[in-house]
Amino acid sequence: MKLKAFSIVILLFLTLIISIGAIAADDVADVNDAPSNTSTASTNTSTTTDSPKTTTSTTVKKVDTKVSADQVANEYKKSKYFKVKVKDKNGHVVKNIKIKLKIYTGSKYKSYTVNTNSKGIAKFNTKSLKLGNHKVVISSADSKYKISKTSKIFIGKKHYAIVKPKVKKVLKNKDVLGVKIYNDEDEKEAKVVYKKTPKYTKVVKAVFYLKNKKTGKIIKKTDSAEFDDGRWDLPDKDFSKKYTLVKVKVWYLSSK
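Residue 194 in the UniProt record's numbering sits at position 194 of the sequence shown, and the numbers go up by one each step.
This is the structure in structure tokens:
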């Protein structure tokens, strides 16, 4: 009886082990047959172009101007001025505005700022400039005004020479001067002339010595205070019948 009972227990135990093994095998099969969940991320780059923003800005129209700036020939290390006069398009002077000057010596330049006075004139003292011919570029330092002009400043040491009719005068700097009488319809003029384009010379004053043909008396005629072309106008054609041009004393500036 006991043996039979023991056999039954053993049989039940074996049946239990076999059942557990079958369940485990089914679980392994379920795991192997399951679909893969590995995800490959795809990077999608989205390019968005923004429409340009329109910025509304107010453009201030500059005031047109009329600018005069005569070329000057000034003596080296002397306090003399280069002047710029500014008017608006109606001819009214423009006061108290800043003018920018770029003054060139060769390819190099220095910038200066000057102000117009109550007469619309800005002045620059040329005392500090070196010997030579200087280009001046003029513009406005005030954003309200439009200014564009170029001019020249010549700086030289002062000398004088005597020039006689029909005789070339070679100066120390190798430039050559002469004097001629020109006929016009109503008048004549005696004029100091350059024989070639001068490199280093600017004539600034001339005194014409004329001899009365009858009396032998010498009279002097000086070119105008605002000397710019080296000439003196004879008053009429008869003047040359009464007088003979003897010589001209010429003052000039030399940059060499």
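Quick reminder that beta carbons are idealized off the backbone N, C-alpha and C, glycines included.
Take residue i and list the residues in its own chain whose beta-carbon comes closer than 7 angstroms to its own, dropping the five residues that flank it on each side.
i	result
Thr65	Val86, Lys87, Asp88, Val94, Tyr145, Lys146 and Ile147
Lys199	Asp175
Lys110	Ile103
Going straight from the alpha carbon of residue i to that of residue j, what length do you get?
i	j	result
Thr140	Lys180	Sequence check: residue 140 is Ser here, not Thr. Approximately 43 angstroms, taken between the alpha carbons.
Tyr81	Ser107	23 angstroms
Ser197	Tyr182	According to the sequence provided, residue 197 is Thr. The question's Ser does not apply to it. Roughly 19 angstroms separates the two Cα atoms.
Gly132	Lys78	14 angstroms
Thr105	Lys241	48 angstroms
Thr244	Ile138	46 angstroms
Lys83	Ala69	6 angstroms
Thr215	Lys166	24 angstroms
Ile130	Lys158	Correcting the residue identity first, residue 130 is Lys in this sequence and not Ile. Roughly 14 angstroms between the two C-alpha positions.
Lys169	Tyr112	39 angstroms
Leu253	Tyr76	9 angstroms
Pick out whichever of the options has its Cα sitting closest to the Cα of residue i.
i	options	result
Asp223	Val207, Lys135, Lys213 and Thr215	Val207
Val60	Thr201, Lys166 and Asp142	Asp142
Phe124	Asn74, Val170, His92 and Ala190	Asn74
Lys172	Val63, Tyr76, Lys62 and Lys256	Lys256
Asn90	Tyr112, Val63 and Leu253	Val63
Just to confirm my understanding: we take residue i, look at its own chain, exclude 5 residues before and 5 after, and list those with CB closer than 8 angstroms. What are they?
i	result
Asn115	Asn96, Ile97, Lys98, Ile99 and Ala122
Gln71	Ser151, Lys152, Ile153 and Phe154
Lys217	Lys211
Val192	Val163, Leu177, Gly178, Val179, Val203, Ala206, Gly230, Arg231, Val248 and Val250
Val136	Ala69, Phe82, Leu101, Lys102, Ile103, Tyr104, Thr150, Ser151, Lys152 and Ile153
Considering only residues of the same chain and omitting the five flanking positions on each side of residue i, which have a CB-CB separation below 6 angstroms?
i	result
Lys247	Ile162, Lys164 and Tyr209
Val31	Low per-residue confidence applies at Val31: pLDDT is 38, beneath 50, and the placement is therefore not dependable, though the value from the model is reported in the following sentence. There are no such residues.
Ile219	Leu210
Return no unless some Cβ of chain C is closer than 7 angstroms to the Cβ of residue i.
i	result
Lys78	In the structure shown, chain C cannot be found, because there is only a single protein chain.
At least three beta-carbon pairs within less than 8 angstroms, the stretch 112–122 to the stretch 147–161: no
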